[in-house]
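Following the numbering used here, the numbering of the sequence shown begins with 324 at its first residue and continues without gaps.
Ideal Cβ placement from N, Cα and C applies to all residues, glycine included.
Since we're looking at a predicted model, the values are computed, not measured.
Shown next, in structure tokens, is the structure this report addresses.
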Amino acid sequence: MKRLLTTGFFAVVIAGLTSCSVQKQNTARSTNLPDKKEVLEVAERANRYFMNKWPDPGKEIVGKKVWPSNLWTRAVYYEGLMALYKVDPKKEYYNYALDWSQKHNWDMMRGTFTRNADNQACGQTYLDLYEIDGKKHPERIKYVKMSMDSMIASGKSDDWWWIDALQMGMPIYTKLGRITGEKKYFDKNYEMYAFTKYKHGGNGLYNPKDKLWWRDKSFVPPYKEPNGEDCYWSRGNGWVVAALARTLQDTPKSDPHYQEYLQDYKDLLSALVPIQREDGFWNVSLHDSTNFGGKEMTGTALFVYGMAYGINNGLIDRKIYLPVLTKAWNAIVKDSVQPNGFLGWVQGTGKEPKDGQPLSVSKEPDFEDYGLGCLLLAASEVYKLK
324 MKRLLTTGFF AVVIAGLTSC SVQKQNTARS TNLPDKKEVL EVAERANRYF MNKWPDPGKE
384 IVGKKVWPSN LWTRAVYYEG LMALYKVDPK KEYYNYALDW SQKHNWDMMR GTFTRNADNQ
444 ACGQTYLDLY EIDGKKHPER IKYVKMSMDS MIASGKSDDW WWIDALQMGM PIYTKLGRIT
504 GEKKYFDKNY EMYAFTKYKH GGNGLYNPKD KLWWRDKSFV PPYKEPNGED CYWSRGNGWV
564 VAALARTLQD TPKSDPHYQE YLQDYKDLLS ALVPIQREDG FWNVSLHDST NFGGKEMTGT
624 ALFVYGMAYG INNGLIDRKI YLPVLTKAWN AIVKDSVQPN GFLGWVQGTG KEPKDGQPLS
684 VSKEPDFEDY GLGCLLLAAS EVYKLK
């Protein structure tokens, strides 16, 4: 009897050790860094598909309406392309962005003095190109600066009434602040951010309880999702993640609002961890998986970008976030990026879960460019993971 008990005891111990070993192996697999060559290959494949489809970057985009090619969707693509260029400086990427900018005379969509952040988003790429070799080309910064100066001179701060605008507009102010050394751009950036956070929609578009953002005042309670939860749109919150990451990149730590940006960024990321789907994606409705639940690439890619940026810059806990972003990145590579570079599971333009539905791996959204921009932003930071 004693021998049997001893044998049983060791069997339990061995089983326990085996179980722990398997768990450690599974954890290791989930946190393995994506291969750098594979990350670049995925980015290049998706980008090549797009560049082949649009050989003339100045060509108008024809859909239900005719759009100039410096509208926000294309601007987001070029943000991603410039991020890719920084880790993989191919001349063709630079030339493609330069040609696009020149064909729009380095000006905003709908004119220099537009107040709409969507129209101003193209300025982010103009500023990136100015920094590369702009001392010889002051025209690259001229209209961006005029546009932002006019915003400051107006004294208004309520223009960003939808959270997408944060990503379209905030990086312009912080880039200008860093390039020019003028504090007024950082000050205006916070003034407009704070209005969105604390005032739009009555008490602001940020919910500190859930640490997530309502898209605009239309979704502030009493609006509810079918399951009774608040409506937190995935891509909308992805825009905020990207806006805060890019704002932290250029805002000096001595800025009086740096810590608030950082805390908002950390809080938002922390809210995403427990609601990630088992397959690695996030649902279009972050708190209601029953409202058009399923794979969605754009919001997921923006979350990957924000998490990878935070790890690369020592802002968030690597042990917590690396498995999350790795799982999401692998899901995008496996389920979204097709062999020819086409991107599946991309929600079309809109403002809420129902827009552009239903999604599929083969459905082409109304605009494919911003989805690629989100992917390239993510790839540029995943590539830099050490």
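Whole-angstrom distance between residue j and residue i, CA atom to CA atom
i	j	result
L571	Y632	10 Å
K522	A568	22 Å
K532	W377	44 Å
G457	R463	7 Å
W483	C445	16 Å
L535	I598	12 Å
S477	L638	35 Å
K589	D640	10 Å
I495	D587	19 Å
E704	L645	12 Å
L450	W652	28 Å
F690	L708	30 Å
Y546	P461	48 Å
K507	K650	40 Å
D358	E364	10 Å
K479	N375	42 Å
E361	R438	40 Å
D481	N355	44 Å
T503	K459	16 Å
G622	M469	32 Å
Y400	E415	15 Å
K409	Y453	14 Å
A420	G524	37 Å
F542	D487	14 Å
R600	V656	16 Å
N512	Q680	34 Å
V417	P579	A small fix is needed here, since residue 417 is Tyr in this sequence, not Val. Cα to Cα, the separation comes out at about 35 Å.
Nearest to residue i (by Cα), restricted to the options the options
i	options	result
E367	Q670, F518, S608, G664	G664
D422	G381, E402, N442	G381
A624	I643, T613, V647	V647
R433	V399, P391, A398, M469	P391
Y584	D539, T497, K657	T497
M630	A702, E687, K674	A702
E548	T574, D578, V607	V607
Y693	E364, V385, W395, E383	W395
A654	V684, N636, K707	V684
R371	N428, N442, L595, G696	G696
Q661	E687, N636, I502	E687
Y466	L682, Q447, D358, S577	Q447
K426	S612, S473, E383	E383
N636	V656, K576, H580	K576
N393	L404, M431, P412, K409	M431
Y706	L404, V385, D411	D411
S593	K642, P681, K618, V385	K642
F518	E505, G500, A398, M493	M493
L489	M515, F509, R501	M515
Bounding residues of the alpha helix (DSSP H) (the contiguous stretch that carries residue i)
i	result
F518	506 to 521
Y453	446 to 456
E367	359 to 376
S593	581 to 595
R438	Premise fails: R438 is in no alpha helix (DSSP H) and is neither H nor E.
V410	395 to 410
G696	692 to 706
V467	462 to 477
S424	414 to 426
G633	620 to 635
P494	487 to 503
Counterpart residues of residue i in DSSP-defined beta bridges
i	result
N530	L535
V660	L666
I384	W390
W765	Residue 765 cannot be examined here, being either before or after the span of the chain that is shown, 324 to 709.
Beta-carbon gap between residue i and residue j smaller than 8 Å
i	j	result
Y555	L609	yes
E675	R538	yes
A406	L591	no
G671	S659	no
M491	A440	yes
F626	G561	yes
F604	K677	no
Y628	A565	yes
M620	V563	no
F509	T574	yes
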